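Numbering (mature numbering (1 follows the signal peptide of the UniProt record, and there is no 0)), first residue to last: -21 to -1, 1 to 1082.
Ideal placement from N, C-alpha and C gives every residue a C-beta, glycine not left out.
On a predicted model such as this, the values are computed, not experimentally measured, just so you know.
Read through the structure below, which is laid out as structure tokens, and then see the notes.
Right, here's the structure in full:
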């Protein structure tokens, strides 16, 4: 999932609805707030016109009394891509509290089921399959129905309906199997007094094959599990504690164990409860996760395609959605927040734009709007040019902070005590750079080269401190702030040069009805403030040369005095209050701009209380006449204009005006564009929706396309809206070479705009083409107008080669094949085979070779050549004896696989006759060919003898000692038996034979012949090596001892040994070994004895 650790806000560039053609055009690349139904509380989706594109239905909750003729069902037909047709109101009855989609009558077309809160009805609106609907068919429900569910409750393959409401009961409507589409009310099921059920969901919780129900119960802060019996009856079997104000419930497998779990949102606890199913329909205790304020609706889906379901809930008071990413095992990460608008009440999740990724659509109770959040498939959503900033942003200024030639921006965050710097990549895409620490509650910011080094510096006014923080720029690195006094409670800070010294000065608007002007010294420092008193409750300040004398003057919007007050500079050190110009009530925003090209600026005032834009025409000397011709009033249908900026927004060379409207606190605002005629007149031109509570708007060149863009500060949304101008012609680019091959394609993409019309009739921002032609796109503003045509890209289609091959592709293992490809100029084989057209292939198993052929145009074709490698047939046959007598009978030959032929002397069909083969050694061969043409052979050798069988075996020695190792007996022809003393199987062991002469015999019968052979061996006894005459111990001076062996003829060895004698004096003191070795008839043995020679005692004496 993408990192959503910061609150993500969606920039809603709304749909303008004007009769005139717009000329001020701004990119609507995130224009995903579509016209929907007002006061909607529920939403459902489906393909109601069978065009393969998802549509939407919404329920409007207005209607104070029962009225079946009211149109409170809104149908919004989806177009391909990211666009929708205008809403169509359908007859529904009053106050639709919930809607669901399903094929109730089984005709293959989706229908809508809804509930009417006042009249206590559940109604079926049958769809005709073309996006039109029939008159509702209604049934009486319990009191105050508020939520419904559709499923097959009685296993008859027809959809049934369940309804809950303020009557604390469950109503089941079974589909009539004899008249499908007709609902049969069942006896109501009481849920208990004071329950206040608020949400309902169906699933087979206990895995018994029957649909069960679960409800969230607002008053009790719990959920009920109602077990279904498969016939449409339900029994409350469990109560699970959740949280205060349980508002909605959703079901899906959250931990991957195959059982359906539950999620409940608790609107009074501002959290949601995860209830994991133990597998039998019982649930573990709730695990709670914090979400936004007043969550009222919840859905489950795998938004990031990681195999773990995620949770999305609506937070009404926050105007937001909380997304909790599933981490596996039924656990979830902390919430990520996406800002919605219009007080969202319900949501659905589906792939609305057909890109394979899940999107989210909201139903909003304020404003006829339907925001759609288009997913990227990784858990994040398209946020366009909305830049999340700090807490409660109040102002923004534009400058090139890193010296790359691109306009960056800095905004002040009132509650964070920071100024956030965002760097521009040159295309109007901004990335966070750093936060500057400010004084207490920064209120405004200005940018300019205050120390004359050619780099943009930043100065921030701090409301609570009564100071300004000066940050000097050195190569994109900002100094620690220098703090200067600007008097109490500064609201706005601007720059200008009031004394023509070419050093930038500061103009600070203070809340206590004054302006402080600080002369700049050109080195980043400022002199003592020059203070001027103003009219009551100043809200904004504008700086400019209103009298064309070369010195900057200023004007303030006095909210409490309902006027604009001008101050003229004497060019040295003094300002004079020149004029108070009456305006509409509550002037809040002010800008100076030359609307008639007379060299002096007009005063353009946004009057918040009277909802109007005032233009005060400059008489040329800085005086503003009260006559009507010099006072232009433009009433606005949009409420609360609070900030204004000016520039040539449509590229006609004349100054236009952009106004930010707050509309109401907590609501999304508007930016309204007015085009100038260079005669001081303005015409309302276009409108866009921004974030919550816009408080400031500025203009600048943000994407380097020579058209002025806008930046809007949205205080309650905590983001800055970057609105890029589309006044210039769109530019289309190709994803690759526009010269394509054969069946190839290339994607052409336009720069962002409100609407697109390609030369081939397509209406999306990007098109993929595969046919030759000259392609261009004409773009218009969201509400029409601003038409501009792009460059032309000529797409050329070159013929691709078509590869074919010749050669055998059916081989026997071990064989080769020669394959030749043709149809191209160059070839590249897989498996490193090279580039030759012909290849000799010897695969050892089934294999597919790939050849890529390229022609002179560089176009390719890929050919796959599958080679089948067949195994050889089994050619083995029954084992023959190694030897047959010539007179033996006929032997049958039995192959493992029949169908082959035997050959060789004496063979006939499947027999071998030794008498025909004759005496000698012969080879019998079996050959077989299978159905694949694969051939295999096997052979055996046999010997035919005139008489008996050769019974000879391993030649033995004439003599063996009785302790020699056993000898393996190996016959020439196996299959016989050995006999004789010392024989066991085919082993002769001398130790088991008799001492003396032994006869070993081998007898064999084979092929009808017999044979016997014998060998005689002598086994000799091993001689006894023992001897006598040696004591265990001798003194050193003892006489020599004579040794007497039991068997004479051997030899003694060891210390002190001479012949048959042992001499202690020669052996010396110590322990010695005396060994006797004897060999008789080649058999040897030895005997060792130990003797100790002791030293003589010491016989010396003294005296």
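If residue i sits next to residue j, beta carbons under 8 Å apart, how far is it from one beta carbon to the other, in whole angstroms?
i	j	result
residue 318	residue 341	The pair is not a contact, with the Cβ atoms about 11 Å apart (cut-off 8 Å).
residue 595	residue 584	7 Å
residue 1024	residue 1055	6 Å
residue 639	residue 628	Rounded, the Cβ-Cβ distance is 14 Å, inconsistent with contact.
residue 385	residue 683	7 Å
residue 591	residue 614	5 Å
residue 71	residue 93	6 Å
residue 358	residue 240	20 Å between Cβ atoms; not a contact.
residue 140	residue 101	6 Å
What first and last residue would you give for the beta strand (DSSP E) that runs through residue i?
i	result
residue 101	100 to 104
residue 116	116 to 119
residue 1044	Element bounds for residue 1044: not the beta strand (DSSP E) but the alpha helix (DSSP H), 1043 to 1046.
residue 709	Unbroken run through residue 709: none, as it is neither H nor E.
residue 137	Taken as a continuous stretch (DSSP letters only), residue 137 belongs to no beta strand (DSSP E), as it is neither H nor E.
residue 373	372 to 378
residue 638	635 to 640
residue 826	826 to 833
residue 736	734 to 737
residue 523	517 to 523
residue 567	566 to 572
residue 849	839 to 849
residue 226	225 to 231
residue 720	718 to 720
residue 584	581 to 586
residue 206	201 to 207
Measuring CA to CA, which of the options is closest to residue i?
i	options	result
residue 376	203, 369, 426, 392	426
residue 424	373, 445, 801	373
residue 64	36, 46, 49, 164	36
residue 1057	1074, 1030, 1082	1030
residue 630	708, 593, 696	708
residue 238	742, 416, 261	261
residue 1018	1045, 998, 964	1045
residue 368	885, 351, 392	392
residue 869	880, 888, 818	888
residue 465	482, 473, 440	440
residue 558	529, 567, 605, 277	605
residue 276	61, 697, 302	302
residue 249	146, 936, 292, 693	292
residue 635	644, 688, 641	688
In the DSSP assignment, find the alpha helix (DSSP H) that holds residue i and state where it starts and stops.
i	result
residue 745	That residue, residue 745, is in no alpha helix (DSSP H); its beta strand (DSSP E) goes 745 to 748.
Cβ contact check for the stretch 849 to 869 and the stretch 830 to 838: 3 or more pairs under 8 Å:
The stretch 849 to 869 makes no contact with the stretch 830 to 838: fewer than 3 CB pairs, one atom from each, lie closer than 8 Å.
In chain order, what are the residue ranges of uninterrupted beta strand (DSSP E) at least 3 long that sit wholly in the stretch 896 to 969?
Scanning the stretch 896 to 969 for uninterrupted beta strand (DSSP E) segments of 3 residues or longer gives 899 to 908, 914 to 924, 938 to 940, 956 to 958, listed from N- to C-terminal end.
Stretch pair the stretch 374 to 390 + the stretch 439 to 459: three plus CB contacts closer than 8 Å
Touching, per the Cβ criterion.
3-residue-minimum beta strand (DSSP E) runs that sit fully inside the stretch 984 to 1016, ordered along the chain
For the stretch 984 to 1016, whole beta strand (DSSP E) runs of length 3 or above, ordered along the chain, are 988 to 999, 1012 to 1014.
For the stretch 324 to 368, list the beta strand (DSSP E) runs that are entirely contained and at least 3 residues long, ordered along the chain.
For the stretch 324 to 368, the continuous beta strand (DSSP E) assignments of 3+ residues that do not extend past its boundaries occur at 338 to 343, 348 to 352, 365 to 367, in sequence order.
Would you say the stretch 216 to 228 touches the stretch 236 to 246, given that touching needs at least three Cβ pairs under 8 Å?
Taking a cut-off of 8 Å on C-beta distances, the stretch 216 to 228 touches the stretch 236 to 246, as three or more cross pairs fall below it.
Could you tell me whether the stretch 1057 to 1067 touches the stretch 1001 to 1021, where touching means 3 or more Cβ pairs closer than 8 Å?
With a cut-off of 8 Å, the stretch 1001 to 1021 and the stretch 1057 to 1067 count as touching, because enough Cβ pairs lie within range.
So, does the stretch 487 to 500 touch the stretch 566 to 581, judging by three or more C-beta pairs under 8 Å?
Taking 8 Å as the limit for Cβ pairs, the verdict is that the stretch 566 to 581 does not touch the stretch 487 to 500.
Do the stretch 788 to 797 and the stretch 763 to 777 meet, that is, are 3 or more Cβ pairs less than 8 Å apart?
Not touching, per the Cβ criterion.
Beta strand (DSSP E) segments (min. 3 residues) lying fully within the stretch 49 to 89
Runs of the beta strand (DSSP E) inside the stretch 49 to 89: 52 to 55, 67 to 69, 75 to 81.
For the stretch 170 to 179 against the stretch 90 to 101, do three or more pairs of beta-carbon atoms, one drawn from each stretch, fall closer than 8 Å, so that the two count as touching?
At 8 Å Cβ cutoff, the stretches do not touch.
Would you be able to state if there are at least three C-beta pairs under 8 Å between the stretch 102 to 116 and the stretch 37 to 55?
A contact between stretches requires three or more CB pairs, one per stretch, nearer than 8 Å, and the stretch 37 to 55 meets this requirement with the stretch 102 to 116.
Please give me, in chain order, every unbroken run of the beta strand (DSSP E) with length at least 3 that falls completely inside the stretch 396 to 420.
Entirely contained in the stretch 396 to 420, the beta strand (DSSP E) runs reaching 3 residues are, in chain order, 397 to 403, 409 to 416.
Flag this pair as touching only if the stretch 957 to 974 and the stretch 928 to 946 have three or more C-beta atom pairs under 8 Å; answer yes or no.
In this structure the stretch 957 to 974 lies against the stretch 928 to 946, because at least three pairs of beta carbons, one per stretch, are closer than 8 Å.
Are the stretch 710 to 730 and the stretch 665 to 678 touching by the rule of at least three beta carbon pairs closer than 8 Å?
Too few Cβ pairs lie closer than 8 Å, so no.
State whether the stretch 926 to 938 contacts the stretch 951 to 962, with contact taken as three or more CB pairs (one from each stretch) at a distance under 8 Å.
With a cut-off of 8 Å, the stretch 951 to 962 and the stretch 926 to 938 count as touching, because enough Cβ pairs lie within range.
Using 8 Å as the Cβ pair cut-off and three pairs as the minimum, do the stretch 648 to 667 and the stretch 685 to 703 touch?
Counting C-beta pairs with one atom in each stretch, the stretch 648 to 667 and the stretch 685 to 703 have three or more that are closer than 8 Å, which means they touch.
List in chain order: all unbroken beta strand (DSSP E) runs of 3+ residues lying wholly within the stretch 147 to 196.
You should have 148 to 154, 162 to 164, 176 to 182, 191 to 196.
Does the contact criterion of 3 or more C-beta pairs under 8 Å hold for the stretch 38 to 48 versus the stretch 130 to 138?
Because the criterion of three Cβ pairs below 8 Å is not met, the stretch 38 to 48 and the stretch 130 to 138 do not touch.
Should the stretch 817 to 832 be regarded as contacting the stretch 890 to 904, the criterion being three or more beta carbon pairs within less than 8 Å?
When C-beta atoms of the stretch 817 to 832 are compared with those of the stretch 890 to 904, fewer than three pairs fall below 8 Å, so the two segments do not count as touching.
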